[in-house]
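These notes are about the structure you will find just below.
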Amino acid sequence: MRSGSDFINRFNYLIETSQVGAHTRRLTERYDRMIAQNIDIIQGKRVLDLASHDGRWGLAAKYAGAVQVVGIEGRKHLVKNSISNAKRAGYSDTMTWIHGDIVKVMQKLEPGSFDTVFLFGVFYHVTNHLEILREIARLRPTNLILDTEVFTQCSEEEERVVLWVENSRADACAIHRSDKQIKKRIGELQQLGIQVELIKSFNDHEKLSNSDIGRINAGMPSMAALQKMLLNAFTGESKITMIDWTGSKERDYGRTNGFYGIGQRFTMVVSIPLTTRAHSEGP
Ligand SMILES: C[S@@+](CC[C@H](N)C(=O)[O-])C[C@H]1O[C@@H](n2cnc3c(N)ncnc32)[C@H](O)[C@@H]1O
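So the sequence shown is numbered by this note's numbering: it starts at 3 and just counts up by one.
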């Protein structure tokens, strides 16, 4: 089976087409955990890659044997990079890159068009986590692979979402300047019994005043809140399997410890049973 080292040797130009986590070791480890360990739900499958960035995980899926890949990315220059990366790889025929917001583009896609959905590295740059998961459920894939950092400054059982104002200019950040529907989203989370905490910025943890609520554009759930949202979107029969990141040597952005290694970032596979998929199709 192809490994992360094979992947990075084959596509070494991915180090140059992104400024975000484009380090050899990081990409190698992520390939091994997110792609190689899930080969059975990628090889021969139709893959939808949400927040596809420069096409890195779409290319990885093709390299692992996916038959077709569609990527959705909100930054135009990254879509351009994805197109040229796919061309350079000789994969253009089976890859499609769409510029736009994840939810808005998914709303135009047909249920049953994808077997496996990738949702990697974006669940801390959005506030509409539930909306995204519900839209994925409507598409009725067989599996979702979700890779994200979670909020860990609370107890393990605590269902909490922190929301803040993020610089929306950097490639690694939120796309939208603010979320006009934030009050509705907060209400929905609270209805599910999830606590919501508003903070000025993620780093200083200073509380955000209510008058600043309109500037919120990013958020992150705790693991317990994320699991609640997953079960809400896909119903209780879905199965969540955690990928083992023990022994990770990845050092995210030069930090002493990578988020995977210290249990702040996780990769999980959500297997969605047919009943759930039929249910989410609606009346
Ligand atoms: C940290 S990068 C993750 C890239 C890649 N998925 C990975 O895990 O390596 C986040 C990406 O999400 C994109 N993004 C953020 N919000 C988005 C949205 N609402 N719709 C589409 N793309 C979005 C950003 O432009 C950026 O490319």
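From the three backbone atoms N, C-alpha and C, an ideal C-beta is built for every residue, glycine too.
Excluding sequence positions up to five away, which residues of its chain have a Cβ less than 6 angstroms from the Cβ of residue i?
i: Ile299; result: Because the chain spans 3 through 285 in this model, residue 299 falls outside it and cannot be assessed.
i: Ile85; result: Trp99
i: Ala2; result: Any answer about residue 2 is impossible in this case: the structure gives the chain only from 3 up to 285.
i: Gly76; result: Asp103 and Ile177
i: Gly263; result: Ser250
i: Thr30; result: Gly6, Ser7 and Ile10
i: Asn83; result: Thr19 and Asp56
Spatial neighbours of residue i within its chain, please: C-beta separation below 8 angstroms, excluding the five flanking residues on both sides.
i: Ile201; result: Val164, Leu165, Trp166, His207, Glu208, Lys209 and Leu210
i: Glu168; result: His127, Cys175, Ala176, Ser203, Phe204, Asn219 and Ala220
i: Arg187; result: Thr129, Asn130, Leu132, Glu133 and Asp181
i: Ser240; result: Leu232, Leu233, Val272, Ser273, Ile274, Pro275 and Thr278
i: Ser170; result: Ala176, Ile177, His178, Arg179 and Asn219
If you check the beta carbons only, do residue i and residue j fall under 8 angstroms apart?
i: Glu190; j: Leu132; result: yes
i: Leu148; j: Leu121; result: yes
i: Met222; j: Phe116; result: no
i: Glu307; j: Lys230; result: This structure cannot speak to residue 307, because the chain is shown only from 3 to 285.
i: Ile242; j: Met225; result: no
i: Asn87; j: Asp42; result: no
i: Ala91; j: Phe9; result: no
i: Arg58; j: Glu252; result: no
i: Thr96; j: Val124; result: no
Going along the chain, which residues of its own chain have a beta-carbon closer than 7 angstroms to the beta-carbon of residue i, five neighbours each way excluded?
i: Glu137; result: Val105, Met108 and Gln109
i: Asp34; result: Ser5 and Gly6
i: Pro285; result: Because Pro285 carries a pLDDT of 41, less than 50, the predicted location of this residue cannot be relied on, and no value is offered for it.
i: Pro113; result: Arg140, Leu141, Arg142 and Glu283
i: Gln21; result: Asp173
i: Met244; result: Phe268 and Met270
Thinking C-alpha only, which one of the options is nearest residue i?
i: Arg4; options: Ile17, Gln21 and Asn40; result: Asn40
i: Phe236; options: Arg32, Arg27, Ile10 and Pro143; result: Pro143
i: Ala53; options: Arg28, His79 and Glu252; result: His79
i: Ala172; options: Leu16, Gly23, Ile10 and Asp8; result: Gly23
i: Asp214; options: Leu194, Met225, Gly195 and Ile184; result: Ile184
i: Val81; options: Gly60, Val119 and Gly123; result: Gly60
i: Tyr15; options: Lys89, Gly73 and Arg32; result: Lys89
Could you name the residues that DSSP lists as bridge partners for residue i?
i: Arg217; result: Looking at the DSSP assignment, Arg217 forms no beta bridge with any residue, so it has no partner.
i: Met270; result: Leu148 and Met244
i: Lys110; result: None; Lys110 has no bridge partner.
i: His101; result: Glu75
i: Pro275; result: The partner list for Pro275 (beta bridge, DSSP) is empty, contrary to what the question assumes.
i: Gln70; result: Arg48
Shorter than 7 angstroms, the distance from the beta carbon of residue i to the closest heavy atom of ligand 2, or not?
i: Gly6; result: Ligand 2 is not part of the structure shown, which contains ligand 1 as its ligands.
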